[in-house]
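Going by this note's numbering, the final residue of the sequence shown carries number 285, and the count climbs one at a time with no gaps. Glycine included, each C-beta is placed from N, C-alpha and C at the ideal position. Everything on this sheet refers to the single structure shown next.
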Amino acid sequence: MAHYVKSHGLGNDYIVIDPAKVPFTVTREAVRLICDRHHGVGSDGILLVEASRGADFGMRIYNPDGTDAEKSGNGVRIFAKYLREHGYTTNDRFTVDTAGGRIGVECMMRDGRVSEVTAEMGTVTFDPMETLDVPGRRLNVTSLSIGNPHCVVFVDDLAGIDPHKLGPTVERHPAFPAKTNVQFVEVLSRGHVAIEIWERGAGYTLASGTSSCAAAAACHRKGRVDRDVTVTMPGGDLEITVGEAYAMRLRGPVEEVMVGDFSADLLRHLAG
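Right, dumping it as structure tokens:
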């Protein structure tokens, strides 16, 4: 009975833990240590199996800094693969409760393994904000929520943006008291956009499902894309569908990296 499974969706990696399978309490301090890429296993967050509130399964999402995340598109796809392949269900379709709402998932199988997952991510709600002032410039933005907060920043050329510098400025802007996830988006065509991502509580990220949904929804609201959109990120592509009333669906690959146990040395720190 392994302590954890590590998987990634387009380079956005998560560790899945069932608290019943580890000899310590998963505290915020434990999350920070496990996610540390030098002193722990290393990941962009932890997905914790928990009791559902009416769905088939429940999931708690931790950022690598130990804070909670309400919803994650890549995370729920990784979680779905974990449940399907590690004995929790034999169904290809089921629902998962998150702090940001219930998500329906469908697993696509290849050679007995889950190769791709489609997730019904819920409905986007928009804020009236259209511009955001930061030092030295005014940004053209769309602020929205898909169960977690996002600020989509429209740019003409992604190459001219430094997400490591501008991302935290937007994330911590006074307009967002609880901070926000940030996407810099360049529209390439009616069916294709490219984004760079700065995630609240995680920093620069190779890929993000909710960020892809946020970018597609914001671009569609501006009339710049159709309902089916390919979102290209440094880690790869996700396929997004903008449904009626901005009900969002995403589809993309997921891969398992390792199944393992925490060593006695690390367990001493985690227990402490």
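For A207, name the three-state secondary structure that DSSP assigns.
-> strand
So what's T136 in DSSP terms, helix, strand or just coil?
-> strand
According to the neighbour-count rule (16 or more other Cβ atoms, all chains shown, within 10 Å of its Cβ), is D49 buried or exposed?
-> exposed
Could you give the distance in angstroms between the alpha-carbon of A258 and the alpha-carbon of M72?
-> 26 Å
Going along the chain, which unbroken runs of the beta strand (DSSP E) with 3 or more residues stay wholly within the stretch 107-181?
-> 114-123, 126-136, 144-147, 150-158 and 162-167
Going by the beta-carbon positions, is the gap between V130 and M142 smaller than 9 Å?
-> no
Identify the residues that DSSP records as bridge partners of G273: which are they?
-> Y17
Report the rounded CA-to-CA distance for Y27 versus R41, giving the unit in angstroms.
-> 15 Å
Would H51 be called buried (16 or more neighbouring beta carbons within 10 Å of its own) or exposed?
-> exposed
CB-CB under 6 Å to G117, same chain, minus the five flanking residues each way: which ones, in chain order?
-> T108 and E133
Cβ neighbour criterion (16 or more within 10 Å) applied to R90 | buried
Helix, strand or coil for V89, going by three-state DSSP, please let me know.
-> helix
Beta-bridge pairing of Y27 - partner residues as DSSP gives them | S20
Comparing alpha-carbon positions, which option in L157, V147 and V198 lies nearest G6?
-> Any property of residue 6 remains undetermined from this structure, which presents the chain solely from 14 to 285.
Please classify A287: is it buried, with 16 or more other beta-carbons within 10 angstroms of its beta-carbon, or exposed?
-> No answer is possible for residue 287: it lies beyond the span of the chain, which begins at 14 and ends at 285.
Can you name, in chain order, every residue of its own chain whose Cβ lies under 7 Å from the Cβ of G114, other than the five neighbours on each side?
-> K84, G135 and G160
Same chain only: Cβ atoms within 8 Å of D124, ignoring 5 sequence neighbours per side | none
Taking just the CA atoms, how far does G222 sit from T138?
-> 16 Å
According to DSSP, is Y101 helix, strand or coil?
-> coil
Are there three or more Cβ pairs, one per stretch, closer than 8 Å when the stretch 57-67 is compared with the stretch 32-40?
-> yes
Assumed close pair V255, M261 - CB separation to whole angstroms, cut-off 8 Å | 7 Å
P266: which of V206, A15, H16 and S20 sits nearest, CA to CA?
-> S20
Please classify G285: does DSSP put it in a helix, a strand, or coil?
-> coil
Whether A15 touches D274 by CB criterion (9 Å) | yes
Please determine, among M246, A68, T80 and A43, the residue with the shortest C-alpha to C-alpha distance to L219.
-> M246
When we look at the beta-carbon of P176 and count the other beta-carbons within 10 Å, is it buried (16 or more) or exposed?
-> buried
Limits of the beta strand (DSSP E) - the one that R262 falls within = A260 to P266
Distance, F197 Cα to E209 Cα = 5 Å
From which residue to which residue does the alpha helix (DSSP H) around L46 run?
-> R41 to C48
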